[in-house]
Amino acid sequence: MIRGNRAYRGSACEGFTLVEALISIVLLSVGVAVIAGLFTTGMKAMDIQHDEALFNSALRSRMEYLLSVEVDQLVDGNEVVSIRGTNYTLDWTISDVDIDGDTFVDAGVKEIAVVLEGETLTALVVDPSGQVVKH
């Protein structure tokens, strides 16, 4: 716009200087880098949770199988399970139990312990006939 004989250029604060633009780009870059780091951390946490879910599934699957076996047929054992391409040993032990603490083993009662990579799942099994006797 022209006022009188001079061109009107507006106020002296109009627009951005090169330094201001560079500072804003740097700040935006830092913000994006922080968000990308959080995203990576979140993905790692999801990976860990996924592995834990697979381990729990293997433990529970073996426990369900062992619970379906007759009490007098239960024996210790192990098997190799593959989780996401890595092989792990799944162990289970069957032990006698003294339910009432009188130092005598109760027949018809067993404890099943299934172990995978330090995680243990245990259950007590009673003979379905309901007969718990002392030895």
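Taken in order, the sequence shown gives residues 18 to 152; the numbers are from this note's numbering.
Backbone N, C-alpha and C fix where the C-beta goes; we use that ideal spot for every residue, glycine too.
This structure is a prediction, so every number in the text was calculated from the model and none was measured.
Let me check one thing: in DSSP terms, what residues is K127 bridge-paired to?
Note: K127 sits in a beta bridge opposite D113, V142.
So the candidates are A75, S99, D89, D64; which of them puts its Cα closest to the Cα of A3?
Within the shown structure, residues of the chain are numbered from 18 to 152, placing residue 3 beyond reach of any answer.
Measure the C-alpha to C-alpha separation of T110 and E128 and round it to an integer number of angstroms.
Approximately 8 Å, taken between the alpha carbons.
Closest Cα partner of V97 within the set D117, F72, D115:
Nearest of D117, F72, D115 to V97, Cα basis: F72.
Does the count of Cβ pairs from the region 99-106 and the region 79-87 closer than 8 Å reach three?
By the C-beta criterion, the region 99-106 is judged not to be in contact with the region 79-87, since fewer than 3 inter-stretch pairs fall below 8 Å.
Cutting at 8 Å between CB atoms, please list the residues of its own chain near N95, excluding the five before and the five after it.
Sequence-distant Cβ neighbours of N95 in its own chain, meaning closer than 8 Å and more than five residues away, are T106, L107, D108, W109.
Could you check where the beta strand (DSSP E) with S99 kicks off and where it finishes?
For S99, the enclosing beta strand (DSSP E) has its first and last residue at 94-100.
I'd like the span of the alpha helix (DSSP H) that includes T57, first residue to last.
It spans 35-84 - the alpha helix (DSSP H) in which T57 sits, taken as one unbroken run.
How would you label V86, buried or exposed, when you count the other beta carbons within 10 angstroms and need 16 or more for buried?
Counting of Cβ neighbours within 10 angstroms places V86 among the exposed residues, the total staying below 16.
DSSP-derived helix/strand/coil call for V132:
Per DSSP, reduced to three states, the secondary structure at V132 is strand.
Going by other Cβ atoms of all chains shown within 10 Å of its Cβ, with 16 needed for buried, is V131 buried or exposed?
Its Cβ being crowded by 16 or more others within 10 Å, V131 is buried.
Using a threshold of 9 Å, state whether the C-beta atoms of D144 and V122 are closer than that.
In this structure, V122 does not lie closer than 9 Å to D144 by Cβ.
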